[in-house]
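Q: First residue of the sequence shown? That's 81 in this note's numbering, and the numbers climb one at a time after it.
Using N, Cα and C, we set each Cβ at its ideal position, and we do this for glycine too.
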Amino acid sequence: MSPYSSFSVQFLHRHPVLPHVIICFLFSERVNNFPPLPQFLRIKPCFYQNVEEEIPAPHRQLVRRVYNLWMLYSVTLCVNVVSCIAWWAGGGSGANFGLSLLWLVLFSPCSYTCWFRPLYKAFRADSSFNFMAFFFIFFLQCVLALIQTVGISGWGACGWIATVLFFSYNVGSAVVMLFSALLFTLVTVLMGLILIRVHRLYRGGGGSFERAQEEWTTGLWKSAPVREAGFNAVTETGPSLPQYPADVPSYPDNGPW
81 MSPYSSFSVQ FLHRHPVLPH VIICFLFSER VNNFPPLPQF LRIKPCFYQN VEEEIPAPHR
141 QLVRRVYNLW MLYSVTLCVN VVSCIAWWAG GGSGANFGLS LLWLVLFSPC SYTCWFRPLY
201 KAFRADSSFN FMAFFFIFFL QCVLALIQTV GISGWGACGW IATVLFFSYN VGSAVVMLFS
261 ALLFTLVTVL MGLILIRVHR LYRGGGGSFE RAQEEWTTGL WKSAPVREAG FNAVTETGPS
321 LPQYPADVPS YPDNGPW
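1) Which of the three DSSP states is assigned to Phe247 in this structure?
2) Could you tell me which residues DSSP pairs with Ser127 in its beta bridges?
3) Excluding sequence positions up to five away, which residues of its chain have a Cβ less than 8 angstroms from the Cβ of Gly252?
4) Pick helix, strand or coil for Cys194, following the three-state DSSP scheme.
5) Starting from the C-beta of Trp240, find all residues in its chain whose C-beta is less than 8 angstroms away, skip the five residues before and the five after it, and write them out in chain order.
6) Using the beta-carbon count (16 or more within 10 Å), is Val223 buried or exposed?
7) Just verifying my parser: in three-state terms, what is the DSSP assignment at Ala175?
8) Using the Cα positions of Phe127 and Asn113, report the straight-line distance between them to the nearest angstrom.
9) Between Met257 and the rest of its own chain, which residues show a CB-CB distance below 7 angstroms, the 5 nearest in sequence each way excluded?
10) Let me know the alpha helix (DSSP H) ranges lying completely inside the region 229-286, each 4 residues or longer, listed in chain order.
11) Give me the residue from Phe120, Ile123 and Pro116 with the minimum Cα distance to Asn130.
12) Roughly how many angstroms separate the alpha carbons of Leu182 and Asn160, rounded to a whole number?
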């Protein structure tokens with residue numbers, strides 16, 4: 081250890097309040113990078129996302145797959161808009177097109193914020209509260225995806241019922257709608273598999289609803305392990321980004337994917 085590092089450690093131990101100030105400074109200096117936006121826009125990214133840096137190695141692949149699932153769902157909503165245009169052009173209701181646009185604008189960012197980010201933070205800091213938030217919201221997302229796959233007419237989703245029934249009116253439009261129905265089916269199946277996979281990992285690592293309640297009552301759901309890791313990074317290695325805490329239990333990863 082260099083003389084400067086030794087002096088820094090001694091100085092921080094003499095002033096116990098300063099590490100928290102430095103940690104806040106480090107977090108404020110970490111520039112948000114998601115969503116990636118052009119520099120000329122006045123709107124800036126809202127989140128910091130770095131799987132290699134923040135997620136433990138055994139779970140990086142799963143987190144990436146959930147992120148890819150979110151991207152696939154967003155693409156599916158875009159395809160659904162095109163399918164609803166074909167539905168409208170073939171003689172269907174224009175309300176479906178309007179609703180499909182609403183679902184795209186609403187569900188694409190909200191799904192990232194409401195279920196991907198809780199899962200990301202859950203694996204980052206071993207937060208039972210965030211795991212429970214993910215399970216609850218993602219289950220509702222699975223139900224919504226199932227409804228979109230079914231394709232009730234007038235709901236703005238080109239699912240199977242709407243597509244099959246429209247073959248008797250306009251075959252060309254129905255073929256375009258079929259792509260949306262297939263994608264919704266794929267997304268629903270993958271969401272169900274992800275929900276089962278994450279639940280098995282969580283239960284296998286000793287997670288429970290009681291742990292989530294304990295985090296809520298004690299305030300640990302506010303990413304306390306990450307702040308503790310930041311304190312260790314400041315006092316031991318100097319100014320650097322906080323690392324994943326070493327005392328976080330490892331969830332068993334014995335599944336094929």
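A: Let me spell this out:
1) Taken through DSSP and simplified to helix, strand or coil, Phe247 comes out as coil.
2) The question names Ser, but residue 127 in the sequence shown is Phe. DSSP lists Phe114 as partners of Phe127.
3) Ala166 and Gly170, listed in sequence order.
4) Residue state, collapsed to three classes: helix.
5) For Trp240, the CB contacts under 8 angstroms within the same chain, skipping 5 residues up- and downstream, are Thr229, Val230, Gly231, Ala261 and Thr265 in chain order.
6) Looking at its Cβ environment, which holds fewer than 16 other Cβ atoms inside 10 Å, Val223 is exposed.
7) Helix at Ala175.
8) Looking at the two C-alpha atoms, the distance is approximately 6 angstroms.
9) Ser163, Ala166, Trp167, Cys238, Ala242, Thr243 and Phe246, listed in sequence order.
10) List check, alpha helix (DSSP H) in window: 240-246 and 251-284.
11) That would be Pro116, whose Cα lies nearest to the Cα of Asn130.
12) Whole-angstrom Cα-Cα distance: 11 angstroms.
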